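Protein sequences appear in the order of chains A and B. Position 82 of the first sequence, counted from 1, bears residue number 82 in the working numbering, the numbering being contiguous throughout. All you need for the working numbering is the position in the second sequence, starting with 1, plus 1000. Glycine included, each C-beta is placed from N, C-alpha and C at the ideal position. Because the structure is a prediction, the values reported are computed rather than measured. Down below is the structure, laid out as structure tokens.
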Amino acid sequence: MSAALQVDDLSVVYDHFHALKDVSIAVEGGESFGLVGESGSGKSTLLRAVAGLAPISGGAINIDGEVLKGSKRSKSFYRRVQMVFQDPYGSLHPRQTIDRLLLEPLAIHGIDDSDKRIARALDEVGLGNGFRFRYPHQLSGGQRQRVAIARALIVEPSILLLDEPTSALDASVQAEVLNLLEQIRRDRKLTFVMVSHDLGVVTHMCERLAVMRNGAVVERLSSQELAGGAVHEDYTRNLMIASKGFVKA
Amino acid sequence: MTTLLTVDKLKVSYPTRTGVIEAVRGVSFTLGKERLGIVGESGSGKSQTGRAIMGLTPKHGVVTAERLNFSGIDLINAPAGERRRLRGKRIAMILQDPKYSLDPVMSIGRQICETLRTHEKVGKAEAHERALAMLEAVQIRDPQRVFDLHPHEVSGGMGQRAMIAMMLIAGPELLIADEPTSALDVTVQLDVLRIMDRLVSERGMGLIFVSHDLRLVSSFCDRVIVMYAGKIVEELAAADLKHAQHPYTQGLLNCMPEIGSNRHPLPVLDRRPEWAA
């Protein structure tokens, strides 16, 4: 089976700091793949490198069999791959209405019928037309993240890169956004690559996951293996204990 | 148990051009030397409650209460100077994100000394020594080095420990922790909570722990207050969480994805208007 996204021995170096050290992952089409680790483990850097937002110093990235060179990405790449960022407060233009925000990707890619598409995109993420001419500061965190998801989906990509899409949200709003993402993946047969530090979220959303530490993958396993405790690395085990919450001494 | 803090019908409102926004609408509770959790979503008024007790409501906000009493002091009518003397000395507050709440242009050690020397008559050398001891108490391995670092030079977990050190150095009787671990990694969260747990027990403080994470709060506190739309909808002992009556509390408990549970889609809150009544 051909991988929708294949990363081989990818390295990212900032000055003298190796943010990624020979990382390889393969994500099948239609699969949901999780990346877990602490801050600084390189999980976000991996996503950013795929999206062309990090300086790649070695290795190869393959999307649907097509090799991507360096850190430059073509327009057609962004038709296929879109990203949703962590902070819904920082990733939407504060002076643009939701309508203008959603029009931008359509204008860039020369997609017509923008009026209908924007209405449909908002509808799909559970925001009515009433939100269309509001500004980001008039929306709650969960609503903003819905707009960010709508913005990513409006160019009809096949792969969605999700960088901690719910970690800035309340637990109750997180559940709503996670349900929305699952719904969309089912409806559109999307491929997800999802980064999170929360093992609960990743095992809920993804079939397989890779645990990262210090810029390298330390363990690859399926969500079922993780839930069943079939964990080989101590580091993964520590993450599991941490996700269970605080236990009074 | 002696009562440290009495809050009776606390209200916080913000007059705006389009009408009055009532952030807190009549919250009442008492606190002894115990751990109280305040849980709710964003906008439920949980942080506003903490800030009103601390006296950090912005100037345009209006705070009223039948009683707001901290160990015999009427906080509502206390003059600004007295509130200022309390703040940091007897009531302290840990904020969510050390990146934004520490002074970026002052070394960590100096900030800790500043708290101490504002409230106690101590010399520079003694303040220095006590700051180092406090940094050690929050399990910073190399206190001497961290003392001279600026906030941007340390990690989130280290910054949060520094903030705890800063808040506890004057020996407060009441500690308000507003989402103290929400900005941290899961593994670091546990370390910070363990440190807080130990220090709060050792020093016998009253603690108000404000968070949106009901599970976390209930594992850390003795008693939990659940807030919705500026009001308390349920109050219960942390051990009784499983028997929560209010659908909002049950909803908050159920909405977290867990390892090994297979619930697709996740249950979401069905917010009913009568909860806010």
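- Separation of Asp-1008/B and Ser-1028/B (C-alpha to C-alpha, rounded to the nearest whole angstrom) is 4 Å.
- Listed by position along chain A, the residues whose Cβ is nearer than 7 Å to that of Thr-1187/B are Glu-38, Asn-238, Leu-239, Ala-242.
- Scanning Gln-1111/B, Gly-1072/B, Ala-1238/B, Gln-1096/B for the CA closest to the CA of Val-1192/B turns up Gln-1096/B.
- The beta carbon of Leu-1214/B sits closer than 6 Å to those of Val-1039, Leu-1252, Leu-1253, all from its chain and outside the five residues before and after it, given in chain order.
- Look at Met-1196/B here: in three-state DSSP terms it is helix.
- In the pairwise beta carbon analysis, the stretch 1011 to 1022 of chain B is classified as not touching the stretch 227 to 243 of chain A: fewer than three pairs are separated by under 8 Å.
- Nearest C-alpha to Arg-1263/B among Lys-189/A, Glu-176/A, Glu-104/A: Glu-176/A.
- Contact between Arg-79/A and His-109/A holds: CB atoms are separated by about 6 Å, below the 8 Å threshold.
- Runs of the alpha helix (DSSP H) spanning 4 or more residues and lying entirely within the stretch 1108 to 1174 of chain B occur at 1108 to 1119, 1124 to 1137, 1143 to 1147, 1156 to 1168, in chain order.
- Rounded to whole angstroms, the gap between the alpha carbons of Met-194/A and Gly-1204/B is 43 Å.
- At least one beta carbon of chain B lies nearer than 8 Å to the beta carbon of Val-247/A.
- For a cut-off of 8 Å, the C-beta gap from Lys-69/A to Gly-52/A is around 10 Å, too long to register as a contact.
- Here Ala-1277/B is exposed. Its C-beta has fewer than 16 other C-beta atoms within 10 Å.
- Judged by DSSP in its simplified three-state form, Phe-85/A adopts coil rather than helix or strand.
- Taking a Cβ-Cβ threshold of 9 Å, none of the residues of chain B is close to Asp-87/A; the smallest such distance is about 12 Å.
- Counting the other Cβ atoms within 10 Å of the Cβ of Glu-219/A gives 16 or more, which makes it buried.
- Per DSSP, Val-27/A is one residue of the beta strand (DSSP E) stretching across 17 to 28.
- Taking C-beta atoms under 8 Å as the contact rule, Val-211/A and Tyr-235/A qualify, at a distance of about 7 Å.
- Annotation for Gly-141/A: the continuous alpha helix (DSSP H) segment containing it runs 141 to 153.
- Going by DSSP, Met-240/A is part of the alpha helix (DSSP H) stretching over 234 to 243.
- Chain A has a Cβ within less than 8 Å of the Cβ of Arg-1215/B.
- Residue environment for Thr-1018/B: exposed (fewer than 16 other C-beta atoms within 10 angstroms of its C-beta).
- Within its own chain, the residues whose Cβ lies closer than 8 Å to the Cβ of Glu-182/A, once the five positions on either side in sequence are excluded, are Met-205, listed in chain order.
- Taking C-beta separations shorter than 7 Å and ignoring five residues to either side along the sequence, the partners of Asn-129/A in its chain run Ala-119, Leu-122, following chain order.
- With respect to chain B, the C-beta atom of Val-193/A has no partner C-beta closer than 8 Å.
- 8 Å or more divides the Cβ of Gly-1088/B from the Cβ of Ala-1162/B.
- Taking a cut-off of 8 Å for Cβ pairs, the stretch 1148 to 1159 of chain B and the stretch 1060 to 1069 of chain B do not touch, as fewer than three such pairs fall below it.
- Within chain B, not a single residue places a beta-carbon under 7 Å from that of Val-211/A; the smallest gap is close to 12 Å.
- The beta carbon of Ser-1047/B sits closer than 7 Å to those of Asp-1178, Val-1210, all from its chain and outside the five residues before and after it, given in chain order.
- Ranked by Cα distance from Leu-190/A, the first of Val-247/A, Glu-31/A, Gly-229/A is Glu-31/A.
- Shown here for Leu-127/A: same chain residues with a beta carbon closer than 6 Å to its own, the five before and five after excluded, namely Arg-146 in chain order.
- In the three-state scheme derived from DSSP, where H, G and I count as helix and E and B as strand, Gly-34/A is classed as strand.
- According to the DSSP assignment, Arg-1223/B belongs to the beta strand (DSSP E) that extends over 1223 to 1228.
- DSSP, read as helix, strand or coil, puts Leu-162/A in strand.
- Proximity to Gln-6/A across Ile-61/A, Phe-192/A, Ser-57/A, Val-81/A peaks at Ile-61/A, based on C-alpha coordinates.
- According to DSSP, residue pairing for Val-1188/B in a beta bridge does not occur.
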